[in-house]
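Colleague:
There are 2 protein chains.
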Amino acid sequence: METSSPRYLMVAESLRRPILEGRLPPGTRLPSRAQLAVRHRVSEQVSRHALRLLMTEGLVESRPGSGYYVRRRPMAHRLPRTGSDTGPMGTFLGEHLGATTIAAAPAEAARLNVRVGESLYRTRHLARSEEIPVMIHTSWEPTALTRGTNHSPLHASTDENPVDRLARAGTVVDRVLECVTVRPAREPEAELLGTEPGQAALVIERTHFSGQRPVETSHLVAAPEGCELVYRLSLSPRMPSPRPSP
Amino acid sequence: METSSPRYLMVAESLRRPILEGRLPPGTRLPSRAQLAVRHRVSEQVSRHALRLLMTEGLVESRPGSGYYVRRRPMAHRLPRTGSDTGPMGTFLGEHLGATTIAAAPAEAARLNVRVGESLYRTRHLARSEEIPVMIHTSWEPTALTRGTNHSPLHASTDENPVDRLARAGTVVDRVLECVTVRPAREPEAELLGTEPGQAALVIERTHFSGQRPVETSHLVAAPEGCELVYRLSLSPRMPSPRPSP
DNA sequence: AAGTGGTCTAGACCACTAT
DNA sequence: TAGTGGTCTAGACCACTTA
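Top line first, the protein sequences correspond to chains H and A. Residue numbering for the first sequence follows numbering that gives the first Met the number 0, beginning at 0 and increasing consecutively. Residue numbering for the second sequence follows numbering that gives the first Met the number 0, beginning at 0 and increasing consecutively.
1) Specify whether the region 181-189 of chain H and the region 136-150 of chain H touch according to this definition: at least 3 beta carbon pairs, one from each stretch, less than 8 Å apart.
2) Verify the CB distance criterion: does T55(A) have a CB-CB separation below 9 Å to chain H?
3) Please determine, among A104(H), M134(H), E159(H), the residue with the shortest C-alpha to C-alpha distance to V115(H).
4) Does L96(H) come out as helix, strand or coil in the three-state DSSP assignment?
5) Report the CB separation of S209(H) from T170(H) in whole angstroms; it is logged as a contact under 8 Å.
6) Under a Cβ-count criterion, where at least 16 other Cβ atoms within 10 Å of its own Cβ denotes burial, should E130(H) be classed as buried or exposed?
7) Quick one: grab the DSSP three-state call for A11(H).
8) Looking at the strands, I want to know which residues DSSP matches up with G66(H).
9) Contact check, Y230(A) vs E177(H) under 8 Å by CB: the rounded distance?
10) Just tell me which of S233(A), E117(A), S46(A) has its CA closest to the CA of A247(A).
11) Tell me, please, which residues DSSP counts as bridged to V220(H).
12) Should T180(H) be flagged as near chain A, meaning a C-beta pair shorter than 9 Å?
13) Name the chain H residues that come within less than 8 Å of E227(A), Cβ to Cβ?
14) Residues of chain A with a CB under 9 Å from the CB of E107(H): which are they?
15) Can you tell me whether S46(A) is helix, strand or coil according to DSSP?
16) Looking at L119(H): is its Cβ nearer than 9 Å to the Cβ of A102(H)?
17) Can the beta-carbon of V175(H) be found less than 9 Å from the beta-carbon of L201(H)?
18) Quick check: I203(H) and A222(H), are their CB atoms within less than 9 Å of each other?
19) From the DSSP output, in three-state form, read off V171(A) for me.
20) Tell me which same chain residues have a C-beta within less than 6 Å of the C-beta of R28(H), skipping the five on either side of it?
21) Since A301(H) contacts L144(H) with CB under 8 Å, what's their CB separation in whole angstroms?
22) In or out: S42(H) buried (at least 16 other Cβ within 10 Å) or exposed?
23) Counting only the same chain and skipping the five closest in sequence on each side, list residues whose C-beta sits under 7 Å from that of A108(A).
24) What is the C-beta distance between R15(H) and L50(H), in whole angstroms, given that I count them as a contact (C-beta under 8 Å)?
25) Could you say which of Q44(H), A36(H), P141(H) lies nearest to T99(H) if we only look at CA atoms?
26) Strictly below 8 Å CB to CB, what residues from chain A border V172(H)?
27) Just the chain A side, please: which residues come within less than 7 Å of V175(H) by C-beta, in chain order?
28) When you compare only the Cα positions, how much space is there between S46(H) and S138(A)?
29) What number of angstroms, rounded off, separates the C-alpha of L23(H) from the C-alpha of P17(H)?
30) Determine which residues of the region 190-203 of chain A have a Cβ less than 7 Å from any Cβ of chain H, and write them out in chain order.
31) With 9 Å set as the bound, which would you pick, yes or no: does the beta-carbon of R15(H) sit closer than that to a beta-carbon of chain A?
32) Comparing alpha-carbon positions, which option in G64(H), S233(H), E20(H) lies nearest Q211(A)?
33) Is the beta carbon of R146(A) closer than 9 Å to that of P213(A)?
34) Should R70(H) and V59(H) be called a contact, given that it needs their Cβ atoms to be closer than 9 Å?
35) Between which two residues does the alpha helix (DSSP H) containing E56(H) stretch?
36) Quick one, which residues of the region 41-53 of chain H are near chain A if we go by CB-CB under 7 Å, in chain order?
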């Protein structure tokens, strides 16, 4: 006897495996509900249940009146995140959404290690890739760093790399901390990104450091589908426990 | 007349709003399938459909034999990802789910730059943090690297850091590439992570390189709720365009 | 023992697509 | 016109929790 797993799961698995292994390439039309029911000797509700599951898994899409199809993956927008290339908007056309000075809220104050209420520059960008909005960038930076110079975020002509801009202002950024999480998109974000509120969004909380001192912190909210963060990490050469390699 | 939206969506909305607005706090028991059916004058299948939808949205969980409940949000687990600390299971207790040799599927073959069908070791782990499963780790590695030695994944006593193990086998890993994306969880994963299929999952595709040559590639699927990837990046000191800093 | 969720069957009507 | 997916009804059995 086999372990008796629910039949709709077995039907789903019979399609999931070939899809994941590429034997059913994107765009392929799947057997209809009725055909699946006959093949697997189950009721049509069961085959329907299986296909519905595959839809929630993002593997299958339905075209009413036509059939079920293997889903085509939306083009991935690659966001390179490397030690030597921190600018998140590297390859994107940034659209300025405004820059102002505000008082530090508790969350940002904690990340920047300043008092709540301290004066900050807040800058907003919307990054597009091929016209499609892919990321909202909100940046906070103490005004103290660049006030009086012409290197403040208010003066930055375009969305210049903050590392370069701060370097010109005399602050050397040498470390970056990025915290990646997922949470449902909220209303202003969902609107800008063209998704529905409640859909998952990739959130990066990034902080630039100069030595031990945080000098800039950002919120990067990315539409998850077809967004990919690419981290290139170099391993500091080190000694593994015993027997070093030849 | 209202726009006639499907009844199961109306039933779902009648529960979703109070949940999101906090009027039905986490842990609250919801009306049973039968009760919902009577209240909304629909069949039990419709109320079931509505509850199932709320489960895929992560708002509701079921306890068979007991009822449907408003879901409690789990605690956050931090996954440090640093150049000098690549082991994803660093702080976790890994649970071995098995290791075998398989033929390379197209996806893995491309990442490892080997022919489709090439012999690979596939290793699976389930990482837990405080008993709670937080990450599924599937690793592929050409058998050619360690075959005949006692450094193959099959011999690795515990979930040892692959960098260290490969170093013992004579392969120096010096670069890591991590691609972070979000996609709906699929069935075997959702079961292991204790979430619902369709719930967003954080996916890291990690590849270890020895020089230009990929030597190991992994799928890291993390439950997004309360999972946080922390990347610490060092910036290679470099010259910004004009005027170097003092 | 009663209630509950998980699964399953055997039908049905509608709007849509393909031909 | 036939086939398809989306929705819906009215039943049913099982394993489990709750009381």
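The beta carbon of each residue, even a glycine, is placed where N, CA and C say it ideally should be.
Modeller: Let me spell this out:
1) no
2) Taking the first residue of the second sequence as position 1, residue 55(A) is located at position 56. Yes - at least one Cβ of chain H is within 9 Å of the one on T55(A).
3) Reading the first sequence from its first residue, position 116 is the one you call residue 115(H). Per the Cα distances, A104(H).
4) Taking the first sequence and counting its residues from 1, one reaches residue 96(H) at position 97. Strand.
5) Translated into positions along the first sequence, residue 209(H) becomes position 210. Translated into positions along the first sequence, residue 170(H) becomes position 171. Yes, S209(H) and T170(H) are in contact; Cβ-Cβ is about 5 Å, under 8 Å.
6) Translated into the one-based positions of the first sequence, residue 130(H) becomes position 131. By the 10 Å Cβ count, E130(H) comes out exposed.
7) Position 12 of the first sequence, counted from the start, is the residue given in the question as residue 11(H). In the structure shown, A11(H) sits in a helix (DSSP, three-state: H, G or I).
8) Taking the first residue of the first sequence as position 1, residue 66(H) is located at position 67. R62(H), per the DSSP bridge assignment.
9) Looking up residue 230(A) in the second sequence gives position 231. Looking up residue 177(H) in the first sequence gives position 178. With 8 Å as the limit, Y230(A) and E177(H) qualify as a contact, their Cβ atoms being about 4 Å apart.
10) No statement about residue 247(A) is possible, as the shown extent of chain A runs from 0 to 245 and does not include it.
11) One-based indexing of the first sequence puts residue 220(H) at position 221. DSSP output for V220(H) lists I135(H), V202(H) as bridge partner(s).
12) Taking the first residue of the first sequence as 1, we reach residue 180(H) at position 181. Judged by the 9 Å Cβ criterion, T180(H) is in contact with chain A.
13) Sequence index remark: in the second sequence, residue 227(A) carries index 228 (1-based). Ordered by position in chain H, the residues that pass the 8 Å Cβ test against E227(A) are C178, V179, T180.
14) Here residue 107(H) refers to the residue found at position 108 of the first sequence. Simply none; closest approach about 18 Å.
15) For this step, residue 46(A) is matched to residue 47 along the second sequence. Note: S46(A) maps to helix in three-state DSSP.
16) For the purposes of this step, residue 119(H) is taken as the residue at position 120 of the first sequence. For the purposes of this step, residue 102(H) is taken as the residue at position 103 of the first sequence. Contact: yes.
17) Taking the first sequence and counting its residues from 1, one reaches residue 175(H) at position 176. Taking the first sequence and counting its residues from 1, one reaches residue 201(H) at position 202. The answer is no: Cβ separation not under 9 Å.
18) As a first step, residue 203(H) must be located in the first sequence, where it is residue number 204. As a first step, residue 222(H) must be located in the first sequence, where it is residue number 223. Against a cut-off of 9 Å, the Cβ pair of A222(H) and I203(H) comes out as no contact.
19) Within the second sequence, the letter at position 172 stands for residue 171(A). Reduced to three states, the DSSP call for V171(A) is coil.
20) Locating residue 28(H) in the first sequence gives position 29, counting from the first residue. Only G66, Y68 meet the Cβ criterion.
21) Coverage of chain H is limited to positions 0 through 245, which leaves residue 301(H) absent and any answer about it impossible.
22) If you number the first sequence from 1, residue 42(H) lands on position 43. The residue is exposed, with fewer than 16 neighbouring Cβ atoms inside 10 Å.
23) Translated into positions along the second sequence, residue 108(A) becomes position 109. So the qualifying residues of the chain are R114, V115, E117.
24) In the first sequence, residue 15(H) corresponds to position 16, counting from 1. In the first sequence, residue 50(H) corresponds to position 51, counting from 1. With a Cβ gap of about 11 Å, R15(H) and L50(H) do not count as contacting.
25) Locating residue 99(H) in the first sequence gives position 100, where the first residue counts as 1. Cα-wise, what sits closest to T99(H) is P141(H).
26) Indexing the first sequence from 1 puts residue 172(H) at position 173. Within chain A, the residues near V172(H) are L234.
27) For the purposes of this step, residue 175(H) is taken as the residue at position 176 of the first sequence. Result: L232, L234.
28) The residue you call residue 46(H) lines up with position 47 of the first sequence. The residue you call residue 138(A) lines up with position 139 of the second sequence. Cα to Cα, S46(H) sits roughly 32 Å from S138(A).
29) To locate residue 23(H), count along the first sequence from 1; it is residue 24. To locate residue 17(H), count along the first sequence from 1; it is residue 18. Distance between the alpha carbons of L23(H) and P17(H) is about 6 Å.
30) P196, G197, A199, L201
31) Mapped onto the first sequence, residue 15(H) falls at position 16. Answer yes: the Cβ-Cβ gap between R15(H) and chain A drops below 9 Å somewhere.
32) Translated into the one-based positions of the second sequence, residue 211(A) becomes position 212. Ranking G64(H), S233(H), E20(H) by Cα distance to Q211(A) puts S233(H) first.
33) Residue 213(A) sits at position 214 when you count from the first residue of the second sequence. Residue 146(A) sits at position 147 when you count from the first residue of the second sequence. No, they are not a contact pair.
34) The count along the first sequence starts at 1 and reaches residue 70(H) at position 71. The count along the first sequence starts at 1 and reaches residue 59(H) at position 60. For R70(H) and V59(H), yes; Cβs fall inside 9 Å.
35) Sequence index remark: in the first sequence, residue 56(H) carries index 57 (1-based). No alpha helix (DSSP H) holds E56(H); DSSP gives it neither H nor E.
36) L52
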